[in-house]
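Those sequence lines, one after another, are chains A and B. All you need for the numbering used here is the position in the first sequence, starting with 1, plus 276. All you need for the numbering used here is the position in the second sequence, starting with 1, plus 60. Notes to accompany the following structure.
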Amino acid sequence: MNAATHERLARLLVGAAAAITIALLVTVVMGVAAPGAAHITPSFLFTSPRSMGREGGIAAPLAATVLLLGVALAVAAPVGIGTAIWLTEYLRQRWLVAFITFATESLAGVPSIVFGLFGFAVFVLRFRMGWSVWSGGLTLALMILPTIVRTAQEALRAVPPGYREGALALGATRWQALTRMLLPAAWPGIATGMILSVGRAVGETAAVLLTAGSALGMPRHLGDPARSLAVHLYILAAEGISLEKAYATGTVLIILIVLVNALANRLARPPRAGKERWPWSRRPSSNSKKSKSVTMTCRPSPASRSAFRARR
Amino acid sequence: MTALIGPSGCGKSTLLRSLNRMNELIEGASTRGTIRLDGRDIHDPDMDPVQLRKTVGMVFQRPNPFPMSVYGNVAFGPRIHGVRGRSALEETVERSLRAAGLWDEVRNRLHRSALDLSGGQQQRLVIARLLAVEPEVLLMDEPASSLDPISTARLEELIGELRRAYTVVIVTHNLQQAARVSDFTAFLLQGELIEFDRTSTLFTNASDRRTEDYITGRFG
Chain A
277 MNAATHERLA
287 RLLVGAAAAI
297 TIALLVTVVM
307 GVAAPGAAHI
317 TPSFLFTSPR
327 SMGREGGIAA
337 PLAATVLLLG
347 VALAVAAPVG
357 IGTAIWLTEY
367 LRQRWLVAFI
377 TFATESLAGV
387 PSIVFGLFGF
397 AVFVLRFRMG
407 WSVWSGGLTL
417 ALMILPTIVR
427 TAQEALRAVP
437 PGYREGALAL
447 GATRWQALTR
457 MLLPAAWPGI
467 ATGMILSVGR
477 AVGETAAVLL
487 TAGSALGMPR
497 HLGDPARSLA
507 VHLYILAAEG
517 ISLEKAYATG
527 TVLIILIVLV
537 NALANRLARP
547 PRAGKERWPW
557 SRRPSSNSKK
567 SKSVTMTCRP
577 SPASRSAFRA
587 RR
Chain B
61 MTALIGPSGC
71 GKSTLLRSLN
81 RMNELIEGAS
91 TRGTIRLDGR
101 DIHDPDMDPV
111 QLRKTVGMVF
121 QRPNPFPMSV
131 YGNVAFGPRI
141 HGVRGRSALE
151 ETVERSLRAA
161 GLWDEVRNRL
171 HRSALDLSGG
181 QQQRLVIARL
191 LAVEPEVLLM
201 DEPASSLDPI
211 STARLEELIG
221 ELRRAYTVVI
231 VTHNLQQAAR
241 VSDFTAFLLQ
251 GELIEFDRTS
261 TLFTNASDRR
271 TEDYITGRFG
């Protein structure tokens, strides 16, 4: 076989592999979305399930999912980012950093049902929180914490040492260097990690079933039991309640994940001109109309446009 | 203005970094000896290293503008030292950029990323950022080493102006540069100070054989 044939064959093989992947993905997504999409109507999204989910919509599971994720992120994000800061900026013992990093990585790979079991034993039973949004949210927090720590750690490490030194050489305290220089610079990476871990938590079924329960009602407060979308889908399908509704719920889950990933992509972009501090904070205003228009004429990408709007 | 010269690895940068206690940030670094600023030991227990670094500013080998706008870079220092209010900040930013000879080049792009500037502009921006915190001493660690000849010439011109108002200590590999811009020169070799004298004396009439060898290009 000569070199050219060899090359052509190699291209053909990897091309075929790619084609198989794409075909499978399309089949799976279409397989769920085709029977599901037709049922996604405003009333499906905004009414709660009736008769075990055979009738009605998914308002309650949707709300429950949002609450569970809110609790999980509210707990895991500050703790995880704090841990990452401690590991990269404060802890001097290299071996300890390496050990904790290894432990965190291993923890990130532990099957979620193990976290579920822990949450069930500790939150639901030991702390008598019962099946509730609290128990489920805290369990999800434990589950996503290692991922948040690791991604934030990597994002902070990727900040060039010159930025740190530069800030300190201007007489910044370590805290100022951290809050005004490092965290904003590492923010895209940190945010991406958080969002991707949310993506993982959205689909979590077994651990949530074990800790938040499967009550169909709309949770009125965080102490109420709740059924997440993934759990709802599982029960609809496993108990043969309504395959139609299961497909529709699955489609909603797919859409959610796509939205979450799109958001992550957006945040992962390198910082653009004029992103002074936190993405959501007001920018210092420029002094005249003139320089504002100048800002606009230079490459008005969506990001800089929204930054511009935020400045107003 | 003092220039520190010597072959690579002779401890010029380390000496420079000792002057604003930047070495302390490196793991396992230890210090001996005394450094005085206006008669005060900088390792005095009630000398705050953060305050010291505000007074003794530093420019690094590679330009390190922060990933923010030009304005944000220059305003960074004043902001962390508590300057609030738009007009005060804007005034400081303009004054510092003018002092660094960069104002005319960036006045219309203050809110664009500092990373889009050229290397030479970035280094002058870093100097402007430094001037904005009103230091008394400027430490420069081979500030021109990553710049092209034209940018280097502009930077040298700037340094020549800054020496009138500030005490400057500069590390350089470029002997002509040292001879041109500095009043005093120190020659270091393998971590030791070999000779320290007026630049004119050291370059024309070195008292140590090794200094003379280095200056005339016999080694290093």
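Even glycine gets a Cβ: it sits at the ideal position worked out from N, Cα and C.
Quick check: is the beta carbon of residue i nearer than 8 Å to any beta carbon in chain A?
i	result
M118 of chain B	yes
N83 of chain B	no
V229 of chain B	no
R122 of chain B	yes
K114 of chain B	yes
S105 of chain B	Checking the sequence, you will find Pro at residue 105 of chain B rather than Ser. Closer than 8 Å: no.
G137 of chain B	yes
P127 of chain B	yes
R189 of chain B	yes
Q111 of chain B	yes
I102 of chain B	no
N80 of chain B	yes
V143 of chain B	no
V193 of chain B	yes
I140 of chain B	yes
Grab the span of the beta strand (DSSP E) containing residue i for me, first residue to last.
i	result
F247 of chain B	F244 to L249
I65 of chain B	T62 to I65
R258 of chain B	E252 to R258
V197 of chain B	V197 to D201
M118 of chain B	V116 to V119
Is the CB of residue i under 8 Å away from at least one CB in chain B?
i	result
G442 of chain A	yes
V494 of chain A	Residue identity differs from the one stated: residue 494 of chain A is Met in this sequence, not Val. It does not: the Cβ of M494 of chain A has no partner Cβ on chain B nearer than 8 Å.
A461 of chain A	yes
Q429 of chain A	no
S562 of chain A	Any reading at S562 of chain A needs caution, since the residue's pLDDT is 39, under 50, leaving its predicted position unreliable; the model's value is listed next. Yes, its Cβ sits closer than 8 Å to a Cβ of chain B.
A445 of chain A	yes
A340 of chain A	no
T481 of chain A	no
M277 of chain A	no
Y523 of chain A	no
Y439 of chain A	yes
A309 of chain A	no
R542 of chain A	no
A237 of chain A	Past the boundaries of the shown model lies residue 237 of chain A; chain A is included only from 277 to 588, so the question cannot be answered.
A448 of chain A	yes
R456 of chain A	yes
According to the neighbour-count rule (16 or more other Cβ atoms, all chains shown, within 10 Å of its Cβ), is residue i buried or exposed?
i	result
G395 of chain A	buried
H282 of chain A	exposed
D208 of chain B	exposed
S147 of chain B	exposed
A314 of chain A	exposed
E221 of chain B	exposed
S411 of chain A	buried
H497 of chain A	exposed
M61 of chain B	buried
T423 of chain A	buried
V400 of chain A	buried
E127 of chain B	Here residue 127 of chain B turns out to be Pro, not Glu, going by the sequence shown. P127 of chain B comes out buried.
L190 of chain B	buried
For the alpha helix (DSSP H) containing residue i, name the first residue and the last one.
i	result
I424 of chain A	V409 to R433
M457 of chain A	Looking at the DSSP string, M457 of chain A is not in any alpha helix (DSSP H), and its letter there is neither H nor E.
M107 of chain B	No alpha helix (DSSP H) contains M107 of chain B, which DSSP labels as neither H nor E.
L492 of chain A	Segment: none, L492 of chain A is in no alpha helix (DSSP H) and carries neither H nor E.
D273 of chain B	R269 to I275
H282 of chain A	A279 to A313
H508 of chain A	L505 to A514
G179 of chain B	G179 to L191
A483 of chain A	A482 to T487
With residue i and residue j assumed to form a contact (beta carbons below 8 Å), what rounded beta-carbon distance in angstroms separates them?
i	j	result
F244 of chain B	R258 of chain B	6 Å
A522 of chain A	L512 of chain A	4 Å
T427 of chain A	G465 of chain A	6 Å
T364 of chain A	R433 of chain A	6 Å
V478 of chain A	I533 of chain A	6 Å
V507 of chain A	L535 of chain A	Not confirmed; about 20 Å, so no contact.
L414 of chain A	V347 of chain A	7 Å
Among all the DSSP beta bridges, which residues are the ones paired with residue i?
i	result
R100 of chain B	B:L97
P325 of chain A	A:G332
T227 of chain B	B:V197
S173 of chain B	B:S129
I want to check one thing, is the minimum distance from the CB of residue i to the heavy atoms of the ligand GDP below 7 Å?
i	result
M61 of chain B	Ligands in the displayed structure: none, and consequently the ligand GDP is not present.
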